[in-house]
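So the sequence shown is numbered by our numbering: it starts at 21 and just counts up by one.
Positions of the beta carbon are idealized from the N, C-alpha and C atoms, including for glycine.
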Amino acid sequence: MCKKRGRLLVEILKKSEPEGLDIKNCRGQSYDNGENMAGKYQGVQAHISGSNPLAKFVPCAAHTLNLVGVMAGYFGTVNCLYIHFSASTNKWEVLLKYSPLALKKESDTRWPSRREAVTNVHKHSDKIVEALNHLALDAVSSPETKSGAV
Numbered sequence: 021m022c023k024k025r026g027r028l029l030v031e032i033l034k035k036s037e038p039e040g041l042d043i044k045n046c047r048g049q050s051y052d053n054g055e056n057m058a059g060k061y062q063g064v065q066a067h068i069s070g071s072n073p074l075a076k077f078v079p080c081a082a083h084t085l086n087l088v089g090v091m092a093g094y095f096g097t098v099n100c101l102y103i104h105f106s107a108s109t110n111k112w113e114v115l116l117k118y119s120p121l122a123l124k125k126e127s128d129t130r131w132p133s134r135r136e137a138v139t140n141v142h143k144h145s146d147k148i149v150e151a152l153n154h155l156a157l158d159a160v161s162s163p164e165t166k167s168g169a170v
């Protein structure tokens, strides 16, 4: 077990003992979605569930809801990249000069298109940044192109 996870588990057990709380009587547990706490195989919840199968784990709803906003922002960024580069053939050619894969348009209704769009951005983010830098620093780029690239 990772040192941090081990310390967290020991700390939880240490705090519960003086209160007369036996982990064997625990019927539920809820933490943030971090790997140290919620990890399926090595997280604190996995170790507590291993010693007491009745201690069911439920991810914290507030932390989960916060991640929805983060993911929505990420999908928005992926879409903005596509819109920026596809707005002109010049920008699209600059992108293809730096990245072997073109950006893909997301579909509101087809999740596989989102996966493909996100995968391309994830795999080639460094190359996409280079293409954006090229457009931002290019002397012949319009002010709109430069500001969009920044």
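Does DSSP put residue i in a helix, in a strand, or in coil?
i	result
residue 65	helix
residue 59	coil
residue 76	strand
residue 40	coil
residue 48	strand
residue 113	helix
residue 144	coil
residue 150	helix
residue 138	helix
residue 164	helix
residue 123	coil
residue 170	coil
residue 99	helix
Measure the CB-CB distance between residue i and residue j and report whether it falls below 9 Å.
i	j	result
residue 125	residue 137	yes
residue 42	residue 80	no
residue 46	residue 72	yes
residue 105	residue 114	yes
residue 82	residue 49	no
residue 141	residue 116	no
residue 119	residue 144	yes
Excluding sequence positions up to five away, which residues of its chain have a Cβ less than 8 Å from the Cβ of residue i?
i	result
residue 28	56, 57, 64
residue 112	105, 106, 122
residue 128	none
Leaving out five residues on either side along the sequence, give the residues of the same chain with a beta carbon under 7 Å from the beta carbon of residue i.
i	result
residue 44	72
residue 32	64
Give every residue of the same chain whose Cβ lies closer than 6 Å to the Cβ of residue i, excluding the five residues on either side of it in the sequence, and list them in chain order.
i	result
residue 134	126
residue 169	152, 155, 156
Below 8 Å, can you find three or more Cβ-Cβ pairs linking the segment 135-148 to the segment 156-169?
-> They do not touch, by the three-pair rule.
Counting pairs of Cβ atoms below 8 Å between the segment 85-93 and the segment 61-68, do you hit three or more?
-> A contact between stretches requires three or more CB pairs, one per stretch, nearer than 8 Å, and the segment 85-93 fails this requirement with the segment 61-68.
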